[in-house]
Structures are given as structure tokens and as C-alpha cells.
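A.B. asks: Below is the structure I would like to discuss, written out as C-alpha cells.
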Amino acid sequence: MDKFNNNKKYEAFKIPGQQEFKLDGTTIELPQAKTIKPTPSDEGLYYEIEYDSSPMPGVGRFVLKSQKIKEPEKDEKRDLFMQMREIARTHRSIYDSSRFFNQRVQNNNAIIFYKQGIFMKDFSDDYAESKAFSQYFPCYQMMGYEQLRTYFTWRTEVRKGNVTDISLSYAFIYIYELLGNIGVSDPQDGLNRLMSFWKAFSVNNKSIDKYVLRWLKDYHIYYELPHSFREFVDTNNLAEYYPKMVDTDDSFDLFCSISKYDIRKSTFYTDDYIELIKDCFNFVIEELKLTFADCGVDFDESIF
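Heads up, the sequence shown is in our numbering, so the first residue is 112 and it goes up one at a time.
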């Protein structure tokens with residue numbers, strides 16, 4: 112019964128040190144863990160922070176003291192750009208660049224572009240740096256601060272007649288302005304500026320050619336100009352770009368001028384065979400046009 116006596120007092124028993132038994136039956140004592148003594152409170156566990164003056168104004172030796180925040184310098188150009196962007200924010204339909212392929216979105220973005228263009232039509236700049244820009248259907252709203260300053264600085268020089276090469280998207284924005292008669296006195300002035308810019312810019316970059324040639328026709332349709340488009344084409348020697356407006360007798364010379372091989376320079380192109388060669392040429396072209404038409408393809412559009 113003694114073993115169930117709860118009042119029985121037990122003597123403390125010291126646990127022996129760790130031992131390791133070998134295969135031969137002998138034992139060895141393992142090293143005992145060292146007892147860590149408590150560190151007195153005066154041996155460096157605390158760090159004292161001094162508040163004192165320092166050679167650096169407004170900064171203590173260890174603690175940053177409060178300083179008066181300086182207001183940033185006023186940037187009037189940045190403020191002007193913000194006002195321009197506000198035109199898009201206050202428009203009845205929110206600007207959308209993610210669905211630029213949608214016709215409704217294009218029309219809406221065009222309205223915003225025109226309003227912003229009118230707002231910035233007299234602005235000039237002299238930004239010393241340059242920032243590249245590349246976008247489909249570019250507009251002001253897509254450009255950052257550095258890009259806006261780059262564009263308006265470049266436009267300032269273009270308006271002075273100094274046309275230099277630049278990111279193609281900037282060139283398209285300037286063309287859009289001219290098509291919308293932004294920064295011009297009248298439609299005729301806009302046409303003159305468009306032609307002048309096209310000729311100067313295409314020296315370095317001909318990527319705009321096919322677009323400008325199409326927009327020149329649209330420009331004449333939209334604006335009431337004192338001359339016909341045919342007169343404009345003849346005056347500016349653009350007949351090679353508009354073959355449908357060229358007489359049949361002139362089409363042979365047109366194709367020879369734009370072809371990689373000019374048959375007029377052939378040894379067979381003599382006075383005795385000129386008419387024969389031209390007749391054969393016209394016959395082949397007419398047959399090609401009929402064949403293209405049967406396939407639903409416009410011959411002139413596919414060639415030019």
C-alpha cells in the first residue's frame with residue numbers, strides 16, 4: 112500500500128552526467144554544457160542616445176530633427192500640360208487608347224485630340240533634351256512630360272522651316288494638326304504647310320508617303336479649296352502617284368518611270384517600234400485590270 116501513499120516524501124536524486132557506451136562495454140564521460148552566467152546590467156546592453164548639435168544643419172548626432180519642407184519650384188509648362196490633359200478628363204466620353212481600332216473610340220479620341228490641339232496651338236518650347244515616342248494612332252494624351260516637351264520643341268523649329276528627323280509618331284501628330292487646320296490661317300495655308308513638311312521630312316523617312324498621298328485627296332474633299340484636285344496633282348507633279356487620273360497615252364511613261372526596268376532605254380525601243388511597244392503595253396495592262404477585277408481586286412490600288 113506504501114507505493115500508493117501520496118504523503119510519502121521522496122529524496123532528490125542527482126541525474127548523472129551523460130555517458131556514451133562503447134561496444135566493449137566501457138563508458139566515457141561526455142563534455143557537459145557550460146552554464147551561462149547572467150550579464151550584469153552595467154556591461155553595455157543599453158545604448159544612450161545623445162541629442163546634440165551637428166555640422167549638418169537640422170540633424171543630430173543620431174536623431175534626424177524636423178526640417179521645414181521646401182515647396183517645389185513652379186513649372187508653368189507642366190501646369191499647362193495638366194490643363195491640356197484635363198480636357199480629356201472632362202470630356203463627356205472618357206478617352207480610351209486600349210481600343211484604338213474601334214471606330215467609335217477613334218472618333219471620340221479625334222475630338223479630344225482636336226480640342227487639345229486648339230488649346231496648345233500657339234505653344235512653343237525650347238527643351239534641350241530629346242525623348243523618343245512610338246505609338247499607333249499617336250496623340251498628346253499618350254505622351255509623358257519629356258515627350259510633350261520634345262514634340263513642342265521640335266514643332267517650334269518645324270514652323271520656322273527647320274524640319275529635322277524625329278520619332279515617326281511625332282511627325283504623325285504634326286500631320287494630324289495640319290489636317291485639322293490647327294495652327295494654320297486657312298485650309299490653303301494648311302495644304303501648303305502639309306506639302307512643305309512632307310517633302311522635307313520624306314528626305315529622311317519615306318514612311319509617311321503612302322499616308323500623306325491618301326490624305327491629300329481627303330483634304331481636297333473635306334475643305335473647299337479654290338482649285339480642283341486634278342489641278343493640284345498637275346501643279347505639284349504628283350501624276351505618278353494617282354494613275355487613275357492619268358490619260359491612257361501617258362500611262363506608258365508613268366509605268367516606265369516607276370518601274371525597275373525602263374523599256375525606253377532598251378536598244379529595241381526605236382522609232383520603228385515605239386507605237387508597237389506602246390500598243391502591246393496598253394493591251395497587257397487592260398487585260399491585267401480585267402483579270403484583277405474578276406478576282407475582286409483593284410489593279411491600280413494593288414500596284415500603287
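Glycine is no exception: its CB is placed at the ideal position from the N, C-alpha and C atoms. Quantities reported herein were computed from a predicted structural model and do not represent experimental measurements.
Does F234 come out as helix, strand or coil in the three-state DSSP assignment?
C.D. replies: In the sequence shown, counting from the first residue as 1, residue 234 sits at position 123. Correct three-state label for F234: coil.
A.B. asks: Name the two residues that bound the continuous alpha helix (DSSP H) containing L191.
C.D. replies: Position 80 of the sequence shown, counted from the first residue, corresponds to residue 191. From DSSP, the alpha helix (DSSP H) with L191 extends over 187-200.
A.B. asks: Do F363 and F392 count as a contact pair if the criterion is CB distance below 8 Å?
C.D. replies: Taking the sequence shown and counting its residues from 1, the one referred to as residue 392 is at position 281. Taking the sequence shown and counting its residues from 1, the one referred to as residue 363 is at position 252. Cβ atoms of F392 and F363: closer than 8 Å.
A.B. asks: Counting C-beta neighbours from all protein chains within 10 Å, is the total for C406 16 or more, i.e. buried, or is it exposed?
C.D. replies: Translated into the one-based positions of the sequence shown, residue 406 becomes position 295. With fewer than 16 other Cβ atoms within 10 Å, it is exposed.
A.B. asks: Just the Cα atoms here: how many angstroms apart are I332 and S368?
C.D. replies: What you label residue 332 is simply residue 221 of the sequence shown in a count that begins at 1. What you label residue 368 is simply residue 257 of the sequence shown in a count that begins at 1. Taking the straight line joining both Cα atoms gives about 28 Å.
A.B. asks: Which of the three DSSP states is assigned to Q258 in this structure?
C.D. replies: Stepping through the sequence shown from its first residue, residue 258 is reached at position 147. The answer is helix: DSSP assigns Q258 an H, G or I state.
A.B. asks: Within the same chain, show all residues whose beta-carbon is closer than 7 Å to that of L290, passing over the 5 residues directly before and after it, in chain order.
C.D. replies: Along the sequence shown, one-based indexing puts residue 290 at 179. Excluding positions up to five away in sequence, the list reads W326, Y330.
A.B. asks: DSSP three-state call for E398: helix, strand or coil?
C.D. replies: If you number the sequence shown from 1, residue 398 lands on position 287. E398 falls in the helix class under three-state DSSP.
A.B. asks: Since A282 contacts F312 with CB under 8 Å, what's their CB separation in whole angstroms?
C.D. replies: Indexing the sequence shown from 1 puts residue 282 at position 171. Indexing the sequence shown from 1 puts residue 312 at position 201. That pair is a contact at about 6 Å.
A.B. asks: Helix, strand or coil: how does DSSP classify P183 here?
C.D. replies: Here residue 183 corresponds to residue number 72 of the sequence shown, with the count starting at 1. In this structure, P183 counts as coil in the three-state DSSP scheme.
A.B. asks: Taking the alpha carbon of I246 as the point to measure from, which residue in A239, Q258, E240, S235 has its own alpha carbon closest?
C.D. replies: Position 135 of the sequence shown, counted from the start, is the residue given in the question as residue 246. The sequence as given places Gln at residue 246; Ile does not occur at that position. Checked all of A239, Q258, E240, S235; the closest Cα to Q246 is Q258.
A.B. asks: The alpha helix (DSSP H) with Y353 in it runs from where to where?
C.D. replies: For the purposes of this step, residue 353 is taken as residue 242 along the sequence shown, with counting starting at 1. Premise fails: Y353 is in no alpha helix (DSSP H) and is neither H nor E.
A.B. asks: Would you mind reading off the limits of the alpha helix (DSSP H) that contains K310?
C.D. replies: Position 199 of the sequence shown, counting from 1, holds the residue named residue 310. Residues 298-312.
A.B. asks: Based on Cα-Cα distance, which residue from F410, D237, M253, Y238 lies nearest to F244?
C.D. replies: Position 133 of the sequence shown, counted from the first residue, corresponds to residue 244. The shortest C-alpha separation from F244 is found at M253.
A.B. asks: Just to confirm my understanding: we take I198, look at its own chain, exclude 5 residues before and 5 after, and list those with CB closer than 7 Å. What are they?
C.D. replies: In the sequence shown, counting from the first residue as 1, residue 198 sits at position 87. Once the five neighbours on either side are set aside, the close Cβ partners of I198 are I223, K226, Q227, F230.
A.B. asks: Run the proximity test for L387: is its beta-carbon closer than 7 Å to any non-hydrogen atom belonging to the ligand MN?
C.D. replies: In terms of ligand content, the structure shown is empty, and the ligand MN therefore cannot be addressed.
A.B. asks: State the Cα-Cα distance for the pair K271 and G301, rounded to the nearest angstrom.
C.D. replies: As a working mapping, residue 271 is identified with position 160 in the sequence shown. As a working mapping, residue 301 is identified with position 190 in the sequence shown. Their Cα atoms are separated by approximately 15 Å.
A.B. asks: Taking the continuous alpha helix (DSSP H) assigned at V323, which residues delimit it?
C.D. replies: Along the sequence shown, one-based indexing puts residue 323 at 212. 320-333 is the extent of the alpha helix (DSSP H) around V323.
A.B. asks: Which whole-angstrom value is the C-beta distance of Y285 and R266, which I expect to be below 8 Å?
C.D. replies: Taking the first residue of the sequence shown as position 1, residue 285 is located at position 174. Taking the first residue of the sequence shown as position 1, residue 266 is located at position 155. Indeed, because the Cβ distance is near 6 Å, the residues count as touching under 8 Å.
A.B. asks: Terminal residues of the continuous alpha helix (DSSP H) containing I284?
C.D. replies: Position 173 of the sequence shown, counted from the start, is the residue given in the question as residue 284. That run of the alpha helix (DSSP H) goes 279-290.
A.B. asks: By Cβ distance below 8 Å, which residues in the same chain neighbour S318 in space, the five residues on each side in sequence not counted?
C.D. replies: Sequence index remark: in the sequence shown, residue 318 carries index 207 (1-based). Cβ neighbours of S318 beyond the five flanking positions: L279.
A.B. asks: My output table needs one value for Q178: the three-state DSSP class, helix, strand or coil.
C.D. replies: Taking the first residue of the sequence shown as position 1, residue 178 is located at position 67. Note: Q178 maps to coil in three-state DSSP.
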